[in-house]
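Novice: All residue numbers for the sequence shown refer to the numbering used here, where the first residue is 2 and numbers rise by one.
Where is the CB? At the ideal position from N, CA and C, for every residue including glycine.
In this text, all values refer to a predicted model and were calculated from it rather than measured experimentally.
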Amino acid sequence: MGILHESIQSLHKKLIKREMTSTDIVKATFDRIHEVDDRIQAFLTLNEEKAYQEAAKWDQKYASKENLGLLAGLPIGIKDNIITKNLRTTCASKILYNFDPIYNATVMEKLNTAGMITVGKINMDEFAMGSSNENSAFKPVHNPWNLDYVPGGSSGGSAAAVAAGEVLYALGSDTGGSIRQPASYCGVVGLKPTYGRISRFGLVAFASSLDQIGPITKTVEDNAYLLEVLAGVDPMDCTSANLPVPKYFESLNKGVKGLRIAVPKEYLGEGVLPEVRESILEALKIYEKMGAIWEEVSLPHSKYALSTYYLLSSSEASANLSRFDGVRYGYRSKDSDNLMEMYKNTRAEGFGDEVKRRIMLGTFALSSGYYDAYYKKAQKVRTLIKQDFEKVFEQFDVIIGPTAPTPAFQIGENTSDPMTMYANDILTIPVSLAGVPAISIPCGFMNHLPLGLQIIGKHFDEAMVYRVAYAFEQATDYHKAQPKL
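(1) Which residues in the same chain as Leu148 place their Cβ atom closer than 7 Å to its Cβ, once the five residues preceding and following it in sequence are excluded?
(2) So the alpha helix (DSSP H) Cys187 belongs to, where does it begin and stop?
(3) Whole-angstrom Cβ separation of Cys187 and Ala160, contact assumed at under 8 Å?
(4) Could you pull the DSSP bridge partners for Ile456 from this structure?
(5) From the DSSP secondary-structure annotation, give me the bridge partner or partners of Asp175.
(6) Where does Met117 land, buried or exposed, given buried means 16+ other C-beta within 10 angstroms?
(7) Could you check whether Ala129 and Phe202 sit closer than 7 Å to each other, using their CB atoms as the reference points?
(8) Tyr467: buried (16+ other C-beta within 10 angstroms of its C-beta) or exposed?
(9) Beta-carbon separation of Ser441 and Arg181 under 7 Å?
(10) Mind the definition here: the segment 332–349 touches the segment 400–412 only if three or more C-beta pairs lie below 8 Å; say whether that holds.
(11) Ends of the beta strand (DSSP E) at Arg261?
(12) Would Thr22 and Arg89 be called neighbours here (beta carbons separated by less than 7 Å)?
(13) Between the Cα of Lys266 and those of Tyr98, Lys381, His6, Glu296, spot the shortest distance and give me the residue it belongs to.
(14) Check whether the segment 309–317 touches the segment 274–288, counting contact only when three or more Cβ pairs, one atom from each stretch, lie closer than 8 Å.
(15) Between Ala165 and Val190, what straight-line distance do the alpha-carbon atoms span, to the nearest angstrom?
(16) Alpha carbon to alpha carbon, how far is Arg359 from Ser137? Give it in angstroms, no decimals.
(17) Output yes or no for whether 7 Å exceeds the beta carbon distance between Gly470 and Val221.
(18) Suppose you measure from the CA of Asp389 to the CA of Arg383; what does that come to, to the nearest Å?
(19) Count the C-beta pairs between the segment 447–458 and the segment 233–246 that are closer than 8 Å, then say yes if the count reaches three, no if not.
(20) Measure the C-alpha to C-alpha separation of Gly375 and Tyr310 and round it to an integer number of angstroms.
(21) Given this structure, state the Cα-to-Cα distance separating Val205 from Thr176, to the nearest angstrom.
(22) Relative to the alpha-carbon of Thr30, which residue among Leu312, Ala162, Lys345 has its alpha-carbon at the smallest distance?
(23) Using the rule of at least 16 other Cβ atoms within 10 Å of the residue's Cβ for burial, across every protein chain shown, is Leu385 buried or exposed?
(24) Would you please verify whether the beta carbon of Lys335 is less than 7 Å from any beta carbon of chain D?
(25) By the DSSP assignment, the alpha helix (DSSP H) with Gly78 in it spans what residues?
(26) Are Tyr330 and Phe100 closer than 7 Å when you measure CB to CB?
(27) Please state whether DSSP places Val328 in a helix, a strand or coil.
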């Protein structure tokens with residue numbers, strides 16, 4: 002476990018000095034996975050043989066004293082909706098149970114170039130649709146802080162694997178909070194970058210105007226290093242932004258003195274537990290001591306975010322998931338007499354209940370006679386939500402609030418109530434609709450379960466988000482707490 006709780010800088014120095022090898026780190030990773038994953042259930046596919054081969058190559062390069070980057074020879078886990086060449090990618094769905102891609106997502110090419118070693122594909126809510134990781138077609142993920150509780154979703158497997166020490170770092174994807182909410186529930190650091198900061202090429206689409214890949218780590222510093230590698234324009238993704246990628250690490254130590262923090266009253270109001278609200282107020286006191294100024298503001302259209310999000314994301318999902326028809330790849334129903342039956346039966350048997358629910362909602366919202374009333378109106382409200390953020394950022398450097406209104410809930414507690422389940426993302430969804438960056442960092446505990454602090458920044462100002470997050474992390478010890486498995 003010692004190796005799996007060291008920073009990127011620390012591990013890199015030890016690799017250079019030959020105090021340990023990449024093979025040592027990879028072995029510690031797989032030893033830990035084999036030790037605890039029967040209880041966490043975070044991994045769907047392991048890449049053990051190939052990972053050891055890659056580690057041996059990097060050990061040779063370190064031994065020959067080549068000038069290698071910080072991430073060279075370090076292992077990482079990948080959420081199972083990110084395409085990995087010759088490594089099974091299922092999106093935790095029966096309909097892709099046997100899909101072995103023939104190409105890599107852009108982020109995988111970037112990680113491979115940096116020298117990172119993929120140890121396996123990580124469990125998730127099916128097609129990233131869910132807030133608890135109970136919607137996986139194969140097995141639910143358990144929260145390492147209490148195995149009777151959910152780890153959040155849809156990147157719950159990634160957050161749980163990092164929290165449990167199974168991997169040093171993981172990639173997740175965030176559509177409406179799917180990195181930040183599980184990071185909060187599992188007591189780790191999770192960033193949703195600005196929309197367009199990281200290429201979506203090779204990310205299996207749920208809602209194309211919202212989806213973003215992001216890193217999940219134990220510390221803010223490690224998260225910043227990973228974003229530097231992942232970010233940048235990509236000719237394969239026309240929505241990726243052609244903007245320079247800052248050296249995020251260089252801004253971490255600038256402190257928060259004189260910074261202006263906005264605290265939306267809607268983020269501390271109805272539905273947010275008193276203990277969660279108190280943890281945020283305590284965090285604000287820490288920022289005050291460090292010289293920051295905070296003030297209450299309003300994001301008035303946030304109350305419409307939940308309905309807006311589920312109309313838009315479901316509409317996009319209904320279009321994106323139409324490609325899964327049993328014709329070209331994946332699962333195909335055997336009980337069909339003609340092509341139309343094959344389509345229907347494949348999708349009925351291959352998709353889970355939550356995916357079907359969202360396809361049906363999205364198809365309805367896009368249908369003739371309802372498009373203007375629902376989808377078009379939701380797009381207008383999305384613009385108003387975005388303008389709320391822009392107005393606040395005219396006077397403030399960051400926005401701060403809780404990541405989730407509660408800590409993690411028990412497995413099975415909300416499965417029969419989709420609306421209650423959806424409400425768990427009520428504080429993360431407005432950020433996704435606005436397309437701005439946000440990070441969740443640990444800020445306390447309630448009933449021995451972690452709570453998360455959400456720090457929201459201006460478009461493409463991840464450097465400021467990291468700076469504010471790092472200042473809090475250095476002033477507290479919440480990130481050092483570990484679950485006892």
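Specialist: Concretely, from the data shown:
(1) What you label residue 148 is simply residue 147 of the sequence shown in a count that begins at 1. Short of 7 Å from the beta carbon of Leu148, and not among the five residues preceding or following it, lie these beta carbons of its own chain, in chain order: Arg40.
(2) In the sequence shown, the residue the question calls residue 187 occupies position 186. Membership of Cys187 in the alpha helix (DSSP H) is indicated by the continuous run 181–187.
(3) One-based indexing of the sequence shown puts residue 187 at position 186. One-based indexing of the sequence shown puts residue 160 at position 159. Indeed, because the Cβ distance is near 4 Å, the residues count as touching under 8 Å.
(4) Taking the sequence shown and counting its residues from 1, the one referred to as residue 456 is at position 455. The partner list for Ile456 (beta bridge, DSSP) reads Ile401, Ile440.
(5) By one-based count along the sequence shown, residue 175 stands at place 174. In the DSSP output, where bridge partners are listed per residue, Asp175 has Gln213.
(6) To locate residue 117, count along the sequence shown from 1; it is residue 116. Result: buried.
(7) What you label residue 202 is simply residue 201 of the sequence shown in a count that begins at 1. What you label residue 129 is simply residue 128 of the sequence shown in a count that begins at 1. No, Cβ-Cβ distance for Phe202 and Ala129 is not below 7 Å.
(8) Translated into the one-based positions of the sequence shown, residue 467 becomes position 466. Taking a 10 Å sphere around the C-beta of Tyr467, we find 16 or more other C-beta atoms and assign the residue as buried.
(9) The residue you call residue 441 lines up with position 440 of the sequence shown. The residue you call residue 181 lines up with position 180 of the sequence shown. Going by C-beta atoms, Ser441 is nearer than 7 Å to Arg181.
(10) Too few Cβ pairs lie closer than 8 Å, so no.
(11) Residue 261 sits at position 260 when you count from the first residue of the sequence shown. Where Arg261 is concerned, the enclosing beta strand (DSSP E) stretches over 261–265.
(12) Within the sequence shown, the letter at position 21 stands for residue 22. Within the sequence shown, the letter at position 88 stands for residue 89. The Cβ atoms of Thr22 and Arg89 do not sit closer than 7 Å to each other.
(13) Counting from one through the sequence shown, the residue named residue 266 turns up at place 265. Residue Glu296 is the option with its Cα nearest to Lys266.
(14) Three or more Cβ pairs closer than 8 Å define a contact, and the segment 309–317 falls short of that threshold against the segment 274–288.
(15) Translated into the one-based positions of the sequence shown, residue 165 becomes position 164. Translated into the one-based positions of the sequence shown, residue 190 becomes position 189. For Ala165 and Val190, the distance between alpha carbons rounds to 13 Å.
(16) Translated into positions along the sequence shown, residue 137 becomes position 136. Translated into positions along the sequence shown, residue 359 becomes position 358. One C-alpha to the other measures close to 15 Å.
(17) To locate residue 470, count along the sequence shown from 1; it is residue 469. To locate residue 221, count along the sequence shown from 1; it is residue 220. The sequence shown places Ala at residue 470, not Gly. Contact flag set, yes.
(18) Locating residue 389 in the sequence shown gives position 388, where the first residue counts as 1. Locating residue 383 in the sequence shown gives position 382, where the first residue counts as 1. Cα-Cα distance, rounded: 10 Å.
(19) The segment 447–458, when compared against the segment 233–246, does not touch it at the 8 Å Cβ threshold.
(20) Position 374 of the sequence shown holds residue 375. Position 309 of the sequence shown holds residue 310. What sits at residue 375 in the sequence shown is Tyr, not Gly. Approximately 11 Å, taken between the alpha carbons.
(21) What you label residue 205 is simply residue 204 of the sequence shown in a count that begins at 1. What you label residue 176 is simply residue 175 of the sequence shown in a count that begins at 1. Taking the straight line from one Cα to the other gives about 12 Å.
(22) As a first step, residue 30 is located in the sequence shown; it is residue number 29 there, counting from the start. Closest option to Thr30, Cα to Cα, is Ala162.
(23) The count along the sequence shown starts at 1 and reaches residue 385 at position 384. Exposed.
(24) Absent from the structure is chain D; it holds one protein chain and no more.
(25) Within the sequence shown, the letter at position 77 stands for residue 78. Boundaries for Gly78: no alpha helix (DSSP H) harbours it, while the beta strand (DSSP E) harbouring it runs 76–80, taken from the DSSP string.
(26) Translated into positions along the sequence shown, residue 330 becomes position 329. Translated into positions along the sequence shown, residue 100 becomes position 99. Contact annotation: Tyr330 and Phe100 have beta-carbon atoms nearer than 7 Å.
(27) The residue you call residue 328 lines up with position 327 of the sequence shown. Coil at Val328, not helix or strand.
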